[in-house]
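Below is one structure, written out as structure tokens; comments come after it.
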Amino acid sequence: MVVKSSIANGTVTAPPSKSYTHRAMVLGALTHSSFSLVNPLMSEDTRATLDALYALGTEFRSNTRGVTIHCDALKGARIVIDARNSGTTIRLITGVASLLPSTTTLTGDESLVRRPMGPLVDALTQLGAKVSYHSSAGRPPLSITGPITGERAEIPANISSQFVSSLLIACSQKKGDTQIQLEGQLRSRPYVDITLQMMEEFGAHAEENEEGFFVEGAQQLSRETYTVPGDYSSAAFPLAAAAISGGDVTVRNLDKVSPQGDRAFLEHLRAFGAKATRTNSSVRVKGADLKGTDIDVRDTPDLFPILAVVGAVADGKTVLSGGENLREKESDRIATTTRFLFDMGANIVPKEDGCEIVGVQKLHGASVNTEGDHRILMAATVAALVSSSETKIDDTDSFNVSYPGFIRDLHQLGCRLTVRK
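First residue of the sequence shown? That's 17 in my numbering, and the numbers climb one at a time after it.
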């Protein structure tokens, strides 16, 4: 893909939330009745979840509004479940599979098999699951046999919120109540809040206490339809494009009171000096003279690459911290982000939990290796909009993991980019 300097102007609609879509698919299947999911994000990641549920006995049918999901009862998978590149898929589905007396084998692509599963698997083992790893301990591929029946599980809370979300959903469906004890400070708390909110909306409840969460077992999930809200994580890219290019972009379909942690991106842009306003269902950002700032990304790690891009062209020093778990994402996002920005002329230094940046007036073009990471591709594309020469990006399709309309939306905003297969 080739990207040239551009000013982003116009209006686009935020894609449906990936986080909500994953969870709604799983919870919808666990209602064990006909369930209609409206406006889901149909991306490579969410299709992996849908395919995994199909392997476990779920039927689904696409329609003009979204997808209808029906699962009379979970069944043992006759095939190896391939979560592809989706960490959310393999973690949520491992929890679902632990409810079954049969053995389920799960794997993923070369990126996913490097990502950690140990804390979740250890917690499920404490609840009675039997687990074997096929290659490296603590990482996929793995086989799990349930059903889980134990009363207590301990899990580190500072590695991935997806482990906690998986446990919460699985424990609401197992026989018997469960105390989930969290060790350490809960990382990416807003994603757990999304899980808790959605469980409530489907009729299940988890009670937060001093140790972590108490979850009653055998809770009946019930809901006929669910509409997926817009995604702040994806909206950050066109909004950042406006902020750094001196443009004016409005993104619609963004709920003002959403529990999505990445809603904080609006406040981050204001801290940088961008002009950002919000209505009940949209966000508007205008470019301005940007200045450096300090941001803790502990609860919003997905924003790290695009925040680094904004910091790279903001006057003064920007410090991004709190992102230790970024090294266990689709790529080592601290390394990949600092590398592509350094290659584009940024004054950026990686740190163990983030980076330090001293802004420059303008970046320059470079050849960018995204390591197949969708958020690196999208962040590098936005950075290229304020580069003095064209940027060549080695990746033409990883955005399909989370934001299939990314290229279309940037074109709609007047950005100059060409995809060459």
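For glycine and all other residues, C-beta sits at the position ideal for the given N, C-alpha and C.
Could you tell me which residues DSSP puts in a beta bridge with residue i?
i           : result
residue 443 : The chain is shown from 17 up to 437; residue 443 falls before or after that span and cannot be answered.
residue 371 : 336, 366
residue 290 : Residue 290 is not bridged to any residue.
residue 311 : 336
residue 92  : DSSP output for residue 92 lists no bridge partner at all.
residue 4   : What is shown of the chain runs 17 to 437, which leaves residue 4 out entirely.
residue 77  : 84
residue 409 : 384
residue 199 : 172
residue 424 : According to DSSP, which records beta bridges pairwise, residue 424 is partnered with nothing at all.
residue 433 : 19
residue 26  : 265
residue 51  : 85
residue 246 : 32
residue 379 : 403
residue 97  : 122
residue 194 : 231
residue 331 : 307
residue 241 : 52
Whose C-beta lies closer than 7 Å to the C-beta of residue i among residues of the same chain, with five residues either side of it excluded?
i           : result
residue 167 : 192, 193, 194, 195
residue 270 : 30, 246, 248, 251, 297, 298, 299
residue 363 : 373, 374, 376
residue 417 : 59, 60, 61, 101, 390
residue 76  : 66, 70, 83, 84, 85
residue 361 : 376, 379, 380
residue 406 : 18, 19, 20, 381
residue 182 : 107, 108, 110, 111, 136
residue 261 : 22, 23, 24, 303, 401, 402
residue 237 : 43, 46, 47, 218, 219, 220
residue 37  : 56, 57, 62, 244
Can you give me the Cβ contacts of residue i inside the same chain, cut-off strictly under 6 Å, excluding the 5 residues immediately before and after it?
i           : result
residue 263 : 23, 24, 25, 303
residue 230 : 195, 223
residue 404 : 378, 380
residue 354 : 364, 366, 371
residue 118 : 92
residue 149 : 158
residue 335 : 310, 372
residue 356 : 384, 396
residue 346 : 127, 389
residue 228 : 196, 197, 198
residue 200 : 172, 173, 174
residue 113 : 120, 160
residue 505 : Given that the chain is displayed from residue 17 to residue 437, the structure contains no residue 505 and the question cannot be resolved.
residue 176 : none
residue 143 : 164, 166, 169
residue 398 : 253, 256, 257, 325
Since residue i and residue j should fall inside the 8 Å C-beta cutoff, what is the C-beta to C-beta distance between them, to a whole number of angstroms?
i           : j           : result
residue 108 : residue 164 : Not quite, the Cβ-Cβ distance comes to about 15 Å (not below 8 Å), so this is no contact.
residue 315 : residue 339 : That pair is no contact at about 10 Å.
residue 18  : residue 436 : 7 Å
residue 204 : residue 277 : 7 Å
residue 259 : residue 326 : 6 Å
residue 267 : residue 257 : That belief does not hold up - the Cβ atoms of residue 267 and residue 257 are roughly 10 Å apart, past 8 Å.
residue 105 : residue 68  : 6 Å
residue 285 : residue 301 : 6 Å
residue 233 : residue 187 : 7 Å
residue 428 : residue 129 : Actually they do not touch by this definition, with Cβ atoms about 37 Å apart.
Grab me the residues of residue i's own chain with a C-beta within less than 8 Å of its C-beta, minus the 5 sequence neighbours each way, in chain order.
i           : result
residue 377 : 329
residue 239 : 43, 44, 47, 51, 217, 218, 219
residue 280 : 315, 316, 319
residue 332 : 307, 308, 374, 375
residue 95  : 71
residue 147 : 137, 140, 141, 158, 159, 160, 161
residue 241 : 51, 52, 53, 54
residue 275 : 206, 209, 210, 213
residue 40  : 53, 56, 214, 242, 244
residue 413 : none
residue 89  : 48, 73
Three or more C-beta pairs below 8 Å linking the region 129-139 and the region 60-73: No, because fewer than three Cβ pairs between the region 129-139 and the region 60-73 fall closer than 8 Å, the two stretches do not touch.
Per the contact definition of three or more C-beta pairs closer than 8 Å, is the region 386-393 in contact with the region 302-311? Taking a cut-off of 8 Å for Cβ pairs, the region 302-311 and the region 386-393 do not touch, as fewer than three such pairs fall below it.
Contact the region 83-102 vs the region 36-53: 3+ CB pairs below 8 Å: Verdict: yes, contact present.
Runs of beta strand (DSSP E) wholly within the region 128-177 (minimum 3 residues, chain order): Counting only runs of 3 or more residues that sit fully inside the region 128-177, the beta strand (DSSP E) segments are 146-149, 158-161, 168-172, in chain order.
Cβ pair count under 8 Å reaching 3, the region 315-331 against the region 389-407: In short, these stretches touch, since the Cβ pair count reaches three.
Touch check for the region 126-134 and the region 152-160: three-plus C-beta pairs under 8 Å? In this structure the region 126-134 touches the region 152-160; the number of beta carbon pairs closer than 8 Å is three or more.
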